[in-house]
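S.K.: Please read through the structure below; I'll follow up with questions.
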Amino acid sequence: MSSKAAAETTPFARNRINIGEGKIWPVAIWFVGPVLLRLIFMPVSHTWDTQIWYSFLADIKFDHSPYDTLQTLSYETRSERIYPYYEYFAYPPGILYLYYPIGKFYALLDPNLNYVLGRGFIPLITQIPWFFYFIFKIPVMLADMGIMALLWKMGGKAVARRYAYSPYVIVVVIWTFDPIMIFFMLLGVYALERKNYDLSAISFAMGTVIKFVPVFIIPAILLYLVRKNVTFLGLLRYIAVFGITVGVLIFPYLKGTLFTLEFHGARIGGGLSWQSIFNLVLAWLPQSMSVSNATALSAALGSLFLLVGMMVIYAYTYRMNLTLNSTIVVTILGYLAFTKIVNEVYALAVIPFILLDLKTHSSAKKERFYKLFWSIPLGWSIINVPAYLGFAWISATFDAYNYPSLLGLSILSDQKSPMLVYFVVGSFYTLLCLSGISLFSIKETKT
Numbered sequence: 010m011s012s013k014a015a016a017e018t019t020p021f022a023r024n025r026i027n028i029g030e031g032k033i034w035p036v037a038i039w040f041v042g043p044v045l046l047r048l049i050f051m052p053v054s055h056t057w058d059t060q061i062w063y064s065f066l067a068d069i070k071f072d073h074s075p076y077d078t079l080q081t082l083s084y085e086t087r088s089e090r091i092y093p094y095y096e097y098f099a100y101p102p103g104i105l106y107l108y109y110p111i112g113k114f115y116a117l118l119d120p121n122l123n124y125v126l127g128r129g130f131i132p133l134i135t136q137i138p139w140f141f142y143f144i145f146k147i148p149v150m151l152a153d154m155g156i157m158a159l160l161w162k163m164g165g166k167a168v169a170r171r172y173a174y175s176p177y178v179i180v181v182v183i184w185t186f187d188p189i190m191i192f193f194m195l196l197g198v199y200a201l202e203r204k205n206y207d208l209s210a211i212s213f214a215m216g217t218v219i220k221f222v223p224v225f226i227i228p229a230i231l232l233y234l235v236r237k238n239v240t241f242l243g244l245l246r247y248i249a250v251f252g253i254t255v256g257v258l259i260f261p262y263l264k265g266t267l268f269t270l271e272f273h274g275a276r277i278g279g280g281l282s283w284q285s286i287f288n289l290v291l292a293w294l295p296q297s298m299s300v301s302n303a304t305a306l307s308a309a310l311g312s313l314f315l316l317v318g319m320m321v322i323y324a325y326t327y328r329m330n331l332t333l334n335s336t337i338v339v340t341i342l343g344y345l346a347f348t349k350i351v352n353e354v355y356a357l358a359v360i361p362f363i364l365l366d367l368k369t370h371s372s373a374k375k376e377r378f379y380k381l382f383w384s385i386p387l388g389w390s391i392i393n394v395p396a397y398l399g400f401a402w403i404s405a406t407f408d409a410y411n412y413p414s415l416l417g418l419s420i421l422s423d424q425k426s427p428m429l430v431y432f433v434v435g436s437f438y439t440l441l442c443l444s445g446i447s448l449f450s451i452k453e454t455k456t
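Sequential numbering from 10 applies to the sequence shown in my numbering.
Now the structure itself:
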């Protein structure tokens, strides 16, 4: 068989987008539908995140470090409440590098750009130009399209379509910037499949400086490389490329990055996690435990639970000799099960890899798991945000309502009963993630 013929039999060859044969225009037209659908919903936004990202662009306008803003707000919060940190920009600096030119450009279009920050956990809904949402989401949209293209390349058009038209994916894309991190994760796996280890290490490093999540996948990848008989020098090179890339990008903002790690370490468990039990304790038994003690206990147990749990996951992927894609799915599901906070958008990190698994190892159980896995955080995001406040930002743009009265609705006040519901739903979701580990454990076939 000729080298050309052999190349045509590879999975990548079967799924490639061949510009030379004039196929690029049908592919480009295919993207129009998903993009238009996202643009329609783009102004709908998370209530808290909108004020954070608008203020983040104000930081860029005034050449002020968002890490300094985070620290200042946290110090003010400590003087007003027991909780020690204000939930502001608490990410690695990759997003700051990416958005610096966008922030400067946006400042030219919006001369009134300034900080809009509510106190406590109540967002300050105010007038924001309608074009803010579209300009801020440019990198997110590009990353989202990149994920579609990679899924098409790796699994075919049907896989890309399931991702592109997923209601949950659309909600996350209009909510936060997680698709940027996930694009780099998927690119890292794609490069790893093609044995381009340098590109893989750089891609995972880029994802890590966007959000911290990919760093929890690296140990599983290294163990996978050991199972694939990569040399010791090859492993050292992968670690070095990853570490140097992360170090170079984080070093200019090392102090701020360390402060964000302190912030995450001190957060109390919650969201779609069984560790929301700490909020339940505070709500129902306020005299038994102070907020500071509950936070400290949650931080200590959460860190221990995550460390031990991930060690078990890494050992599991190694001993089970899992495929690369299965290694990624199992590791992320383990992370979701063992981390102390699981927000509604976190499930997106594993969605592309589950879709790739369903392409090659589909089953009725996996399909039911997949639908339940994304429908719970989707429903939770609609109820828990709550959804109508996402539209309130749009209305505020046109000065249509009295927003302080909206924020005063009882649904936003502290209540005991919802905390019990949070705990029950969070515990169920933790068990769901754990059940998916064995379901998606696909062993390497001997060749």
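We treat Cβ as the ideally placed atom computed from N, Cα and C, and that holds for glycine.
1) Sorry if obvious, but does the Cβ on L159 come closer than 8 Å to a heavy atom of the ligand GTP?
2) Over what stretch of residues does the alpha helix (DSSP H) that includes I3 continue unbroken?
3) In three-state terms, what does DSSP make of V250?
4) Using DSSP with H/G/I as helix, E/B as strand and the rest coil, what is K166?
5) Does DSSP put L418 in a helix, a strand or coil?
6) Would you mind working out which of M319, G252, L117, E376 sits nearest Y344, comparing C-alpha positions?
7) Using a Cβ distance threshold of 8 Å, determine whether the region 246-264 contacts the region 219-234, with at least three qualifying pairs required.
8) Looking only at C-alpha atoms, which of A152, F347, N393 sits nearest to P43?
9) Classify T59: buried if its beta carbon has 16 or more other beta carbons within 10 angstroms, exposed otherwise.
10) For the candidate residues V321, M329, P52, L242, whose alpha-carbon lies nearest to that of F141?
11) Would you kindly work out how many angstroms separate the C-alpha atoms of S384 and P148, rounded to a whole number?
12) For I144 and K237, I'd like the C-alpha separation in whole angstroms.
13) Excluding the 5 residues flanking L118 on each side, which residues of the same chain have their C-beta closer than 8 Å to its C-beta?
14) Kindly indicate which residue of W62, P93, L333, T78 has the alpha-carbon position closest to the one of G112.
15) Excluding five sequence neighbours on each side, which residues of the same chain lie with their C-beta closer than 7 Å to the C-beta of R87?
16) Measure the C-alpha to C-alpha separation of Q136 and L66 and round it to an integer number of angstroms.
17) Determine whether the beta carbon atoms of S335 and K162 lie at a separation below 9 Å.
18) Kindly indicate the opening and closing residues of the alpha helix (DSSP H) around Y7.
19) Is it the case that the Cβ atoms of G164 and L364 are separated by a distance below 9 Å?
20) Within a Cβ cutoff of 6 Å, which residues of the same chain sit near T326, ignoring the five residues on either side of it in sequence?
21) Count the other CB atoms within 10 Å of the CB of F251; is the residue buried (16 or more) or exposed (fewer)?
22) Determine which residues share a DSSP beta bridge with V351 and list them.
23) Could you tell me which of K374, V178, G280, F272 sits nearest to M428, measuring between CA atoms?
24) Taking the continuous alpha helix (DSSP H) assigned at I137, which residues delimit it?
25) Using the Cα positions of D68 and I350, report the straight-line distance between them to the nearest angstrom.
26) Going along the chain, which unbroken runs of the alpha helix (DSSP H) with 4 or more residues stay wholly within the region 41-100?
27) Pull up the CB-CB distance for M157 and A169, whole angstroms please, since I reckon it's below 8 Å.
28) To the nearest angstrom, how far is it from the Cα of L440 to the Cα of H370?
29) Would you kindly check if the distance between the Cβ of L82 and the Cβ of L126 is under 9 Å?
30) Starting from the Cα of G197, find the closest Cα among I49, P361, D77 and give me that residue.
31) Would the beta-carbon of F382 fall within 9 Å of that of G445?
32) My guess is that N288 and Y431 are in contact by the Cβ rule of under 8 Å, so how many angstroms apart are they, rounded?
33) Might you give, ordered along the chain, the residues of its own chain that have their beta carbon closer than 6 Å to the beta carbon of Y177, omitting 5 neighbours on each side?
34) By a C-beta neighbour count over all protein chains shown, 10 Å radius and 16 as the cutoff for buried, is D187 buried or exposed?
35) Contact defined as beta carbons within less than 8 Å: I believe M215 pairs with F193. What is the distance between those atoms, to the nearest angstrom?
36) For F213, is the classification buried or exposed, using 16 other Cβ atoms within 10 angstroms of its Cβ as the cut-off for buried?
M.R.: So, from the listed chains and residues:
1) Absence of the ligand GTP is noted for the structure shown, with no ligands found whatsoever.
2) A question about residue 3 goes unanswered here, because the residues of the chain that appear run from 10 up to 456.
3) helix
4) helix
5) With a pLDDT of only 40 at L418, under 50, the local geometry of the prediction cannot be trusted, and the value read off the model is given with reservation. Three-state result, L418: coil.
6) M319
7) yes
8) A152
9) buried
10) P52
11) 26 Å
12) 43 Å
13) P138, F140, I144
14) W62
15) P93
16) 15 Å
17) no
18) The question about residue 7 has no answer, for the chain in this structure spans 10 to 456.
19) yes
20) A229, T336, V339
21) buried
22) G280
23) G280
24) Looking at the DSSP string, I137 is not in any alpha helix (DSSP H), and its letter there is neither H nor E.
25) 27 Å
26) 56-70, 75-89
27) 5 Å
28) 22 Å
29) yes
30) P361
31) yes
32) 7 Å
33) W383, L387
34) buried
35) 4 Å
36) buried
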